[in-house]
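Residues in the sequence shown are numbered from 1 upward in steps of one, following our numbering.
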Amino acid sequence: MLSFKSLFGPKWQSQNPNKRCRAVSRLNPSCPTDHQILKQLALSDPAIEVRLQALPRLNDPELLVQLCNHASHTQIQALASKLLCELITAQGESQLSRQQLLQILSGIEKVELLTHIALNASDAQVRRYVVYQLEDEVALEQVVRFSRDPQQQRIAIQGIDEVPRLQQLVEQQHRHCPELAQLLQQRLAVRSRYATACA
């Protein structure tokens, strides 16, 4: 027997996940009350399809960072990462200030996402800031190899300590970019002397 609440209550509280999904499209993210409802659905609805429907309706960077870092469901984590990346790498379309972008970036823990942002963000300062955050040498190598921003590449080189990785990069860049190879050679010399001193 249907309860009074299921018959006359808000559709987003329906027991039927299909009805909750339809209700998501009618909620207005600009309305504080509806925004809180969407946030509640995105965070904790028992049906994954409702959460996946609610999340893109929210322009909530803090929530996206939270879900990107800690969502227990891989689909939610993947969607949060995608939405966050689109928000940060928007080509001149982001409504966020540079300060807001930098604050968001400081909360991201996923190396893969940070690497993608480092290589694709439209704001050069944002791209360089991300490289300063990266400690993973595989990610830093990707920046050296694929970035088109020489200053960003220089920052990445200074973060690489592994001698074999530097040697490999020197060999690669001799063919593609002699100037970059020279910087890598200088870094390799520093790290080789350090390794010898510690031996």
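Ideal Cβ placement from N, Cα and C applies to all residues, glycine included.
{"query": "Top-ranked residue by Cα proximity to residue 96, from 70, 81, 59, 157", "result": "59"}
{"query": "Own chain, CB closer than 7 Å to residue 183, minus 5 neighbours either side, in chain order", "result": "154, 157"}
{"query": "For residue 161, the nearest candidate out of 142, 178, 80, 135 (CA to CA)", "result": "135"}
{"query": "Local conformation of residue 109 per DSSP, three classes", "result": "coil"}
{"query": "Other residues of its chain near residue 85: CB distance less than 7 Å, five sequence neighbours each side excluded", "result": "113, 116, 117"}
{"query": "Rounded Cβ spacing between residue 23 and residue 32 (contact assumed at less than 8 Å)", "result": "Not confirmed; about 17 Å, so no contact."}
{"query": "Three-way DSSP call (helix, strand, coil) for residue 44 in this model", "result": "helix"}
{"query": "Where residue 98 sits in the DSSP three-state scheme", "result": "helix"}
{"query": "Proximity of residue 67 and residue 75 at Cβ, strictly below 8 Å", "result": "no"}
{"query": "Which of helix, strand or coil DSSP assigns to residue 160", "result": "coil"}
{"query": "Distance CB(residue 195)-CB(residue 163) smaller than 8 Å", "result": "yes"}
{"query": "Endpoints, the alpha helix (DSSP H) within which residue 83 is located", "result": "74–89"}
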